[in-house]
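Structure, as structure tokens:
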Amino acid sequence: MLALQCTLRADAHGRACLPAGLLRAMRLHGRAEVWGELAHGAWLQPPDLRSALVKVQLLDATVQDQIPGRSARRRAAHWALKPAPLTLPSAAPPALRLMTLILAAHTCDRTVHCAEMDVLAHLCGHSPHQTAELLDRLVATRTLSVWHHDRAMDEVTWQLPHVSSSPAPGVAPASVAAQGFSWDGGRRPKHAQSAAPKPHPVTGTGTTTSTASFRTSA
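Mapped onto the numbering used here, the consecutive letters of the sequence shown carry residue numbers 3 to 220.
If you want it as structure tokens, here you go:
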């Protein structure tokens, strides 16, 4: 989440400013070890965390060549903190917030949403098993009503609670979605922008394998 906010808020020279209030909202204020991990990977220069406005210099050259404009990226940064239509308790840890953001970026205007397990695991930086545990926690917090892993297809499907009877307008700001912005640092492939979820059931019946996992809230 921290790297994402830095990337979205960076200017053409790789400089970004993160207010202390923003870091507190992400539950990352004063977490020097998180900044240390990014600095150790030569992704940014270690910032001065004593300031109320943390100024960051990013070292990754790809950050300086982002296609979406800065205003669109700022709107995306704001949306990333509260990625509608998914909602989380304010005390949710960063790992759960990142998982929620990734799911929101893959959520469409259908009732059932889907993505490949290896894609979700790669984007959240966890193993498939850890990713499954995070999905379980999202069901426990009622952020998701149900999720299902088809092991044969390696595809995860999920459903949100309180699904509206009318199609949702979309999950990301229209200006961002129109530019094909993706949350893995680049532009989303054309097929990913228009792909509709495959009609896999989430009721535990139908064309699923005997080894598939199926989890629901109590």
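Every residue, glycine too, gets a C-beta built ideally from N, C-alpha and C.
query	result
May I have the straight-line CA-CA distance separating T109 from A41, to the nearest angstrom?	32 Å
Suppose you measure from the CA of A22 to the CA of M155; what does that come to, to the nearest Å?	43 Å
In this structure, does DSSP put P48 in helix, strand or coil?	coil
Give the single residue among A79, L105, L88 and M119 whose Cα lies nearest to the Cα of L25.	A79
Could you check how far apart the C-beta atoms of C88 and L162 are, in whole angstroms? I think they sit under 8 Å.	Before going on, a small fix: residue 88 reads as Leu here, not Cys. So it is a contact: roughly 7 Å between Cβ atoms.
Start and end of the beta strand (DSSP E) containing D152?	V148 to D152
Hey, does A63 have any beta-carbon neighbour from chain C nearer than 8 Å?	Judged by its chain identifiers, the structure shown contains no chain C, having just a single protein chain.
Below 6 Å CB to CB, which residues in the same chain sit around L137 once its five sequence neighbours on both sides are set aside?	W149
If distances are taken between C-alpha atoms only, which option among R75, G32 and R77 comes closest to V56?	G32
Given this structure, state the Cα-to-Cα distance separating S129 from A123, to the nearest angstrom.	6 Å
Distance check for R99 and L10, CA to CA, integer angstroms please.	16 Å
Take T143 and list the residues in its own chain whose beta-carbon comes closer than 8 Å to its own, dropping the five residues that flank it on each side.	L90, P91, A94 and L98
Report yes if the CB atom of P46 is closer than 8 Å to the CB atom of L61, and no otherwise.	Here residue 46 turns out to be Leu, not Pro, going by the sequence shown. Cβ distance < 8 Å, so L46 and L61 count as in contact.
In the DSSP assignment, find the unbroken beta strand (DSSP E) run with A18 in it and report its ends.	R17 to P21
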